[in-house]
Amino acid sequence: MFQLDILFDISILPSNIMVLRDDDFIDFVKEEAGHAAAALLEIQGINCVKSLLMTDNVYAIMDVKSKSLDGLKNKYGYTQDDGTFVIQPGVKGNIEYLIDLLKKKCIEDVKLAKSSKHNQSSSSSTIPKSTSTVTSNNTTEKTISESKLNVQQFSLVEGEHYFILLQNDSNGALKCDIRCCCQKWSSLPLRRGKFQLSNFYRHLQGLNNICPALKKMISNPQSALPLSTNNPPPLITSDNVSQQVVS
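Once you know that position 232 of the sequence shown is 232 in UniProt numbering, the rest is easy, because the numbers rise by one and skip nothing.
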């Protein structure tokens, strides 16, 4: 039997989906579920994820007896012999898909938050950096440390060669920046729910330049890079975001 769960990929959702409101939320609905679904939600004042999930029956508007709604009913529904209207199956399917996708997103956020709090409580308070607060941290370390640069392989260590900064911007979206030990900051772009390391790699070994710290490692592999003279930025995390950092 076909499993519908494979259709619900929350990585396609915008990182700030939970804070989208009004026009921004309706534009998202148009993109993901179509203009008909967006019109049905907008006319009912459903302007964000919370209001959508808290609405018991988004199709109940088809039963409201009001001439002002006749245009909407005729466009997105069918008139039955008894004069009542039913929503078009395709429109209903798109809305139900969207609702189930957003419910899954909320469930995964709760699981991540619980896991994050559990890992934080079990970590020693003397450790200067978190290794489990955000799932992306371990992925970042593994990806960077295993990279091959200029034939020789160098192991880059978080807290010594680079520092990760995760924080929410003014709109509530998660941002990820990496500071190299040479003090150069690189912002990581977010694509389909995953942070990309391309900007950091470009800094390390660009076509026209190369990171001075990495150049020192290449010229003298036996020497250890000095630690940054400035204190590394604190790791700021969000308990309700599940992005990953990948190459």
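C-beta atoms are modelled at their ideal positions from N, C-alpha and C, and glycine is treated no differently.
Would you list the one or two residues that DSSP bridges to residue i?
i              : result
glutamine 183  : Answer is none; glutamine 183 lacks a bridge partner.
valine 86      : Tyr78
isoleucine 178 : Ile164 and Ser186
Closer than 7 Å by C-beta to residue i: which residues in its own chain qualify, once you throw out the five before and the five after it? Chain order, please.
i             : result
lysine 104    : Phe8 and Ile10
lysine 30     : Ala38
aspartate 100 : Phe8
In chain order, what residues of the same chain have a beta carbon less than 6 Å from the beta carbon of residue i, not counting five sequence neighbours either side?
i                : result
glycine 34       : Asn94
phenylalanine 25 : Asn47 and Cys48
aspartate 177    : Leu165, Trp185 and Ser187
Beta-carbon separation of residue i and residue j under 8 Å?
i                : j              : result
isoleucine 87    : tyrosine 76    : yes
arginine 179     : tryptophan 185 : yes
leucine 41       : leucine 52     : yes
asparagine 199   : serine 187     : yes
phenylalanine 28 : isoleucine 12  : no
alanine 36       : valine 91      : yes
By alpha-carbon positions, which one of the options ends up nearest to residue i?
i             : options                          : result
cysteine 211  : Ser219, Phe195, Arg21 and Cys182 : Cys182
glutamate 160 : Leu72, Glu42 and Leu214          : Leu214
tyrosine 59   : Lys50, Lys67 and Thr84           : Thr84
leucine 156   : Leu204, Val110, Asp177 and Leu69 : Leu204
methionine 54 : Ser115, Ser66, Leu102 and Lys67  : Leu102
Given residue i, which residues of its chain have a CB within under 8 Å of its CB, disregarding the five upstream and five downstream residues?
i            : result
leucine 72   : Ala39, Leu40, Ile43 and Ile61
arginine 21  : Asn47 and Cys48
threonine 79 : Lys73 and Phe85
aspartate 63 : Thr84 and Phe85
- [ ] Could I get the ranges of all uninterrupted alpha helix (DSSP H) runs contained in the region 38-80, with 4 residues as the minimum, in chain order?
- [x] Listed in chain order, the complete alpha helix (DSSP H) runs (minimum 4 residues) inside the region 38-80 are 49-54 and 70-76.
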